[in-house]
Every structure is written in C-alpha cells, then in structure tokens.
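Structure first, then comments.
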Amino acid sequence: MASSSSSSSDDCRPISNEGHESLQGLGGDLSALQKHVAFFDQNKDGTVYPWETYRGFRAIGCGIFLSAGSAFLINLALSRKTRPIRIRFCRVRPSHQSSVITHHKGKFPSLLLPIEIKNIHMAKHGSDSGVYDSEGRYTSCPEPNGLISRFVPSKFEEIFTKHAGANSNALTSDELLAMLKYNRVPKDYSGWLASWTEWKILYFLCKDKNGLLHKETIRAVYDGSLFERMQEDRASARKKA
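So the sequence shown is numbered by this note's numbering: it starts at 76 and just counts up by one.
Right under this line is the structure:
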C-alpha cells in the first residue's frame with residue numbers, strides 16, 4: 076500500500092460530526108481528538124469526570140477493574156493539562172517597544188479530576204504516531220472557517236507501510252510493539268508509557284480471532300468514531316442474546 080503525501084483536494088477526506096451533539100462551550104465543530112474524548116462526556120457539558128470515563132469504558136465492553144483503573148489514571152494524567160490558566164506579562168525590548176506574552180500554566184489540581192474537552196490538545200503526549208497535529212486534529216486540509224475537518228492521512232498510512240508485514244491492512248501484536256519502539260522519543264518516558272497503554276488496550280479490545288488489529292479499526296480511533304461503534308455493537312449483541 077503506497078503512502079500519499081499529496082495535499083490536493085482529491086486526497087482530502089471529510090471527518091463527519093454525525094452522532095456528536097453540541098457540547099457546552101464547544102459548539103458543533105469538534106476536532107477528531109475532541110470527538111474521541113467526547114464519547115465519555117455523558118451529560119454533554121464539555122467536561123469528563125472519572126465516573127463518566129468509567130461508564131464509557133464499561134459501555135464498550137471493558138471489565139470493572141480495567142474500567143476503574145483506566146478512569147482514574149486517565150483523568151489523573153489529563154485533568155491538570157486540560158485546565159490551563161493564562162498568565163500575561165509585558166516584555167519591553169531595547170527599542171522601547173513592548174509586547175504582551177501569554178503563558179499557559181496548569182491550574183491547581185482538582186480532586187474531582189475533570190478533563191476539559193476544549194483543551195484536550197494540550198494533553199497530547201510525545202512518542203505518538205504523529206497522525207494528530209498539535210491541535211489534536213488529523214494532518215489535514217484547512218477549511219475556510221479556520222477549523223480542520225478534512226485530512227490527508229499520510230502519517231496514518233505510514234503506520235502500515237512501515238510496520239505491517241504479511242497483512243498490509245492490519246498489525247500483529249509484535250508489529251504493534253515494533254511501531255511503539257520506532258515512535259519513541261529519547262527519554263520521553265511518560266510518552267512511552269502513554270502510547271503503550273493506549274495501543275495495548277486498543278489491541279486487547281479490538282483484535283480479531285487471528286490476533287490482527289485492522290486498519291479501519293485504527294482509523295476509527297483517530298476520527299473519533301470507534302467508541303460509538305463499539306457501544307452500538309455491544310448493545311446490538313445484548314439484544315440478540
């Protein structure tokens with residue numbers, strides 16, 4: 076499978092907002108990363124608390140202990156990063172011209188560990204695949220309104236062109252581990268752990284009977300649709316049982 080680096084309109088594909096209600100403080104246009112997190116925001120107030128994260132994991136089929144542990148660790152890791160305060164100060168240059176500089180610094184941790192979805196891009200960790208840009212969106216084609224809702228998934232394709240073996244549209248467990256090692260930034264230990272945890276949970280939940288994690292499943296993670304689909308599939312299976 077060839078990877079395309081073209082940014083022409085023919086290579087741009089839309090990211091749909093279908094199925095995602097307007098969240099408080101966010102409006103109707105969410106980045107792919109925001110949609111990924113918004114699944115856990117059950118009351119659509121723009122904030123995700125640990126009990127909502129827990130219920131979200133249970134809804135997609137995770138056990139009680141995995142759901143509880145994931146909820147605590149995820150909210151603990153992301154809460155402060157997504158709750159910034161702005162510190163502004165004035166710098167006077169030798170030319171006597173002044174400029175205002177804005178510095179973002181995390182708020183004092185809240186015991187409730189809330190995650191603010193509008194700022195989720197601030198919690199983006201290192202040693203990742205690079206599919207999301209610095210704003211938590213796909214590497215993309217910009218829209219006139221300044222948002223990015225279309226993308227050229229060259230980084231996404233690289234996951235498979237560089238790491239997939241016999242099956243060019245899926246990853247084995249060993250190939251997944253090789254990809255994680257390849258993506259490591261030196262001494263970025265927190266990024267290593269975050270990436271390993273995310274991908275291993277995904278593999279555990281979504282691998283097929285042959286131990287393959289398929290391309291369309293991974294794509295659904297990045298465009299924010301996977302969790303909704305898993306919840307629907309689980310609900311459908313329960314009705315048939």
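The beta-carbon is built from N, C-alpha and C at its ideal position, and this holds for glycine as well. Predicted, not measured: the structure shown is a model, and the values here were computed from it.
So, with DSSP's three-state summary, where would you put residue i?
{"i": "I135", "result": "coil"}
{"i": "L222", "result": "Residue placement at L222 cannot be trusted, given a pLDDT of 39 that sits under 50; the coordinates are not used to answer."}
{"i": "P159", "result": "strand"}
{"i": "V296", "result": "helix"}
{"i": "V317", "result": "This structure cannot settle anything about residue 317, because the visible part of the chain is limited to 76 through 316."}
{"i": "I90", "result": "Because I90 carries a pLDDT of 41, less than 50, the predicted location of this residue cannot be relied on, and the following value inherits that uncertainty. If DSSP states are grouped into helix, strand and coil, I90 belongs with coil."}
{"i": "P217", "result": "A caution first: P217 carries a pLDDT of 43, below 50, which makes its placement in the model too unreliable to give a value."}
Among the options, which has the Cα closest to the Cα of residue i?
{"i": "A198", "options": "D104, A239, A152", "result": "A152"}
{"i": "Q306", "options": "W274, K284, L280", "result": "L280"}
{"i": "L268", "options": "Y278, L255, F140", "result": "L255"}
{"i": "T157", "options": "P125, H196, Y278", "result": "H196"}
{"i": "K275", "options": "R313, T247, S265", "result": "T247"}
{"i": "L148", "options": "S202, L277, E273, A310", "result": "E273"}
{"i": "F132", "options": "P159, E232, A146", "result": "A146"}
{"i": "K193", "options": "T292, W271, D116", "result": "D116"}
{"i": "V123", "options": "G266, S204, E191, A143", "result": "E191"}
{"i": "G121", "options": "C137, I135, D104, G136", "result": "D104"}
{"i": "I234", "options": "D203, D263, V260, Y264", "result": "D203"}
{"i": "N150", "options": "G136, G138, I135, Y129", "result": "Y129"}
{"i": "H200", "options": "W271, T292, S106", "result": "W271"}
{"i": "H232", "options": "I293, G144, N118", "result": "According to the sequence displayed, residue 232 carries Glu and not His. Among I293, G144, N118, the Cα nearest to that of E232 belongs to I293."}
{"i": "S154", "options": "L141, L187, S311", "result": "L187"}
{"i": "S311", "options": "I135, A245, P261, D263", "result": "I135"}
Would you mind reading off the limits of the alpha helix (DSSP H) that contains residue i?
{"i": "A312", "result": "301 to 315"}
{"i": "F235", "result": "229 to 238"}
{"i": "L105", "result": "No alpha helix (DSSP H) holds L105; DSSP gives it neither H nor E."}
Please find out if some non-hydrogen atom of the ligand ADP comes closer than 6 Å to the beta-carbon of residue i.
{"i": "F114", "result": "Absence of the ligand ADP is noted for the structure shown, with no ligands found whatsoever."}
Query raised in the report: Below 8 Å, can you find three or more Cβ-Cβ pairs linking the segment 293 to 306 to the segment 110 to 123?
Result: yes
Query raised in the report: How about the segment 250 to 261 and the segment 274 to 294: do they share at least three Cβ pairs that are nearer than 8 Å?
Result: yes
Requested in this report: At 4 residues or longer, and completely inside the segment 244 to 294: list those alpha helix (DSSP H) runs for me, N to C.
Outcome: 248 to 258, 264 to 281
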